[in-house]
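Below: the structure, in structure tokens.
In full-length UniProt numbering, the protein residues as written are 1 to 904.
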């Protein structure tokens, strides 16, 4: 039909393509013999039609030797390299072009593990590495592959399907030649594997030829899905289909749909006719013996016979590779000697018909429209509704996971395996199972729980043995209180931990009644804080005595009197009962600052002491493992736990380590203690400790450091794609507090898990808690002492006033009031300060000059410690004897006179 159509429009061509037909009967040698005959005897310029990849492989070497293009529209093996076979041209897509579409379907339905069934031909095995890579890109795994011989019979297929039916896999990719597909699906139907729960995905090798199957065969394939090469619709194609159906109806050969291979064959023939018209056809053959003595045949065709070589073959080949036109199958453009990858349809066989669910394109992924969005999608919503085998609309589970679970004697809250009297299948429940069910809720898997037990119903080994069963492929996953350890992760993969990690020590609680001690009142503060506080008491008193001893008679006297005053003044400030009047500003500053600090210290002391007296004072009997090791105490651990090896390596003799199995055995052993045949402490992982303390609250607590571990995780085989999926689900459930709610359901409230953390026991106040106060006191005291020393060195007044002792004038302002005149004035003291040591009792004599700044009349006041005279600019002056003393108070002058009513 292709040649007829071409020459109906090109009737005046000088070159006409004359086809010469040979039948290889499906044999490689027959195909090679026919090719040699066509090249040497007929003198063909091109050979069309190696049907299989094996035939194309053999003929490609002959074509390269004879320089004759070998054109195939059905050899799709990815092993046929254009570099190795330059004269092989494939007007067909590489078999690997469909693997991304298959992977998109697998991703859309959430299958993480699939199996593949393929034939042993070159095109059957060539797809496997590409399919494996494509599945890994979407996070899925090709868990198994099963091969069939190209000449397999029904018995062979039945045996193979029986083995597959015994596995846990439920999703299969079928990559078989069309010649095996009918018998294969009949065997599937007979094996009961075309029912609910199974999924079958067909590759293009079958789906592209479904139009050639009987309706009865399509009903046997009810529910399968597949990837089919998309054929773009066009008016030319529709017109051709009408002519095709009319012609073959007359020949009593009826097909429902033209396959892509038929259209590729038409386009290939049309392409050869066009090239023949452009290049021209003529006999330019030369014997290969004329090519020189060094020309040798390839090893695969060695011994056949000599081949004629076409001198125009390379020109014909270049025209083929550069050809670009729109054929019945779509755009025809060769890249690297083969067609570019095109779009695919996702189909579903139901009710004897092939229904299109959507499309897959390299740009948009899955879509119900051919021209989808630019965003690549692998979403199930982008496909139509699928009718699965058995008529179900529910997505089949990818696999029945064989879940291994431990058999435990204690701590059954984590996992408990029980059987009824008439029930052979075990019932599994517990915290670990509930978490596992939650994280696997969105994953299409079914579960079958198998206890890891021996014939007597006891545990078949420890947790290391249980974990290793996953590596041996006895279990697909292990669910239970399995700790993530480095030595276990060498053989398996763990998910994100779903329970708190680490292990600690359980010890009994003792009631510490501190009031039994005679010195119980010292308990609120640490010894260091007491010593520093007492030292500051004495430091403050020494500084005050130093500042006051020369100017204040309260701090003068004999040595014993001064020592007594120093001790008395030290502690009188504790209750704010000191009565000594301070004359120095240095002293006042120190005492006021210390009083503020003391107020804070006393307040905190009272509050802490009240707290200690009001609450229970509980404390652990043992602080850490070192104390147990040093005292030679017995230590308990959970039976078959890795903690035994930790304690042994820590230094505990094995004779001092006692294996326990349950929370009740923990209680019994701790109650007896080491002296009574029990243990002084139990070392276990934090989740077990939480269970124990929830039952025996207020009697025991945890102490010592937390030793890190990986926590509890689920166990999967190495490289399992479920690890990342489950780990992500664990994190999501943790963030949403779903795991915490499951924990509360099984372990109870957290209030009693750490009794010492909630009993309100107050801690002692440390020196570090008051560091800022003592730092300020130290700095301030040091600064005042330095100023005082400097004032002594430069002979400044030692009472804190900043007068210059030189002859320079210093001033201090003050006020006075004259009761006779009722006049108030502001006074300014001007002049020098003189000190003499010849007065009785070392009394200081002071001369003061005051000037009344409020009027034009100046008044002068002269005074000593025993009398004071008043002088003015009047005609006479008057001396006023004073009983009191003249002194400085905060920078002003105070003069008091009792005999007269003058007041200053």
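Every residue, glycine too, gets a C-beta built ideally from N, C-alpha and C.
Rounded Cβ spacing between residue i and residue j (contact assumed at less than 8 Å)
i: residue 174; j: residue 151; result: With 8 Å as the limit, residue 174 and residue 151 do not qualify as a contact, their Cβ atoms being about 18 Å apart.
i: residue 92; j: residue 72; result: 7 Å
i: residue 210; j: residue 328; result: Residue 210 to residue 328, Cβ: 19 Å. No contact.
i: residue 135; j: residue 106; result: 6 Å
i: residue 669; j: residue 657; result: Going by Cβ atoms, the distance from residue 669 to residue 657 rounds to 12 Å, so no, they are not a contact pair.
i: residue 636; j: residue 666; result: 7 Å
Reduced DSSP secondary structure (H/G/I, E/B, other) of residue i
i: residue 1; result: coil
i: residue 88; result: strand
i: residue 38; result: helix
i: residue 524; result: coil
i: residue 454; result: coil
i: residue 712; result: strand
i: residue 108; result: helix
i: residue 131; result: helix
i: residue 738; result: helix
i: residue 658; result: strand
i: residue 6; result: helix
i: residue 703; result: strand
i: residue 531; result: helix
i: residue 195; result: coil
i: residue 152; result: coil
i: residue 48; result: strand
i: residue 460; result: coil
i: residue 98; result: helix
i: residue 16; result: coil
i: residue 338; result: strand
i: residue 718; result: coil
i: residue 776; result: helix
i: residue 445; result: strand
i: residue 80; result: coil
i: residue 566; result: helix
i: residue 136; result: helix
i: residue 765; result: strand
Selection from the options that minimises the alpha carbon distance to residue i
i: residue 232; options: 330, 72, 590; result: 330
i: residue 274; options: 70, 10, 528; result: 10
i: residue 53; options: 31, 37, 67, 65; result: 31
i: residue 60; options: 41, 28, 40; result: 28
i: residue 623; options: 681, 569, 644; result: 681
i: residue 167; options: 179, 122, 114; result: 114
i: residue 101; options: 112, 138, 79; result: 138
i: residue 674; options: 686, 634, 333; result: 634
i: residue 37; options: 472, 56, 62; result: 62
i: residue 507; options: 311, 357, 561, 628; result: 628
i: residue 535; options: 475, 777, 793, 205; result: 777
i: residue 498; options: 687, 99, 169; result: 687
i: residue 348; options: 359, 709, 701; result: 359
i: residue 662; options: 685, 247, 116, 651; result: 685
i: residue 545; options: 522, 521, 586; result: 586
Beta-bridge partners of residue i, as assigned by DSSP
i: residue 146; result: 117
i: residue 72; result: 90
i: residue 684; result: 504
i: residue 172; result: 115, 200
i: residue 349; result: 354
i: residue 344; result: 229, 360
i: residue 679; result: Note: residue 679 sits in no beta bridge, so no partner.
i: residue 332; result: 325
i: residue 141; result: 113
Any chain B beta carbon closer than 8 Å to residue i
i: residue 338; result: The structure shown contains no chain B; it holds only a single protein chain.
Closer than 7 Å: residue i CB and nearest the ligand ATP heavy atom
i: residue 156; result: The model depicted lacks the ligand ATP and carries no ligand whatsoever.
List, from N- to C-terminal side, the alpha helix (DSSP H) runs of 4 residues or more that fit wholly inside the segment 463-514. 463-471
At which residue ranges does the segment 572-649 contain complete alpha helix (DSSP H) runs of 4 or more residues, listed in the order of the chain? 585-614, 625-631
Suppose only complete runs of 3+ residues qualify. What are the beta strand (DSSP E) ranges in the segment 364-439, listed by chain order? 365-367, 399-405, 416-418, 427-429
Identify every run of the alpha helix (DSSP H) within the segment 254-279, keeping only runs that are complete inside it and at least 4 residues long; order them along the chain. 260-279
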